[in-house]
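Quick notes on the structure that follows.
Chains as they are written, first to last, in my numbering: chain A, 6 to 118; chain B, 12 to 127.
Rendered as structure tokens:
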């Protein structure tokens, strides 16, 4: 079953605007990861945030994690047309050496020039 | 570094035939490889996890006799879709976890399978 649920399902913005995507999950996690997928391509790992972290930055990306609400958000600032892609959150429940990822349904982001 | 390749990128086959998809870690040893399938505009669904030298662990609902996985070496895993049917048409993505990495997976570019 899908652990992560992203919203919105689709988001259309203009270049330069910020894009915020949210992810909710149901069970305890060790970490949560965000991935990007261009149409018909593989996944690119964007950022990993551990359960004891609340916020993490990487370039124009900002990820927050609220374990009490079992939710995470991905903010892309100053968006570019090249950011057009689908974005997935994936939860990793394991704190042992064996981890598997459960992906959410994804948010399709369209950034128009 | 941490590049994963898949071959072929796309394949079209007739119903009833078998198709093999390769997943290779090019610059690292992968103790664990994962196979996912993705239907159009949907998320990735984990099919199975394979550890080098041992049998794959399949997720509930995935037929192990239909989707044969072989993780023959630390750099190669193969997925064979046996007796393919049109409903097997999908995007198959593999990922690999390097030795010593517990949380990270590196994904291949995917293989689009179309069964006529």
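Just so you know, even glycine gets a beta-carbon here, dropped at the ideal spot from N, CA and C. None of the values given here were measured: they were computed from a predicted structure.
With DSSP collapsed to three states, give me the class of residue i.
i, result
"residue 11 of chain A", "strand"
"residue 86 of chain A", "helix"
"residue 6 of chain A", "Because the pLDDT at residue 6 of chain A is just 35, under 50, the model does not fix this residue reliably, and the point stays unresolved."
"residue 97 of chain B", "helix"
"residue 34 of chain A", "coil"
"residue 113 of chain B", "coil"
"residue 108 of chain B", "strand"
"residue 93 of chain A", "strand"
"residue 77 of chain A", "strand"
"residue 20 of chain A", "coil"
"residue 70 of chain B", "coil"
"residue 62 of chain B", "strand"
"residue 98 of chain A", "coil"
"residue 44 of chain A", "coil"
"residue 67 of chain A", "strand"
For residue i, would you say it is in contact with chain A, using Cβ-to-Cβ distances shorter than 8 Å as the test?
i, result
"residue 109 of chain B", "no"
"residue 55 of chain B", "yes"
"residue 35 of chain B", "no"
"residue 121 of chain B", "yes"
"residue 80 of chain B", "no"
"residue 104 of chain B", "yes"
Taking 8 Å as the threshold (beta carbon to beta carbon), is residue i in contact with chain B?
i, result
"residue 33 of chain A", "no"
"residue 18 of chain A", "no"
"residue 27 of chain A", "no"
For the beta strand (DSSP E) containing residue i, name the first residue and the last one.
i, result
"residue 17 of chain B", "15-18"
"residue 89 of chain B", "87-92"
"residue 43 of chain B", "41-49"
How about residue i: is its Cβ closer than 7 Å to a heavy atom in the ligand ATP?
i, result
"residue 77 of chain B", "Ligands are entirely absent from the displayed structure, and the ligand ATP is therefore not among its contents."
Using a Cβ-Cβ cut-off of less than 9 Å, list which residues of the segment 38-71 of chain A approach chain B; keep chain order.
38, 40, 42, 45, 46, 47, 48, 49, 50, 53, 55
Within 8 Å, do at least three Cβ pairs link the segment 41-55 of chain B to the segment 16-28 of chain B?
Contact between the segment 16-28 of chain B and the segment 41-55 of chain B is absent, because fewer than three Cβ pairs lie under 8 Å.
Does the pairing of the segment 10-24 of chain A with the segment 80-91 of chain A give three or more beta-carbon distances under 8 Å?
yes
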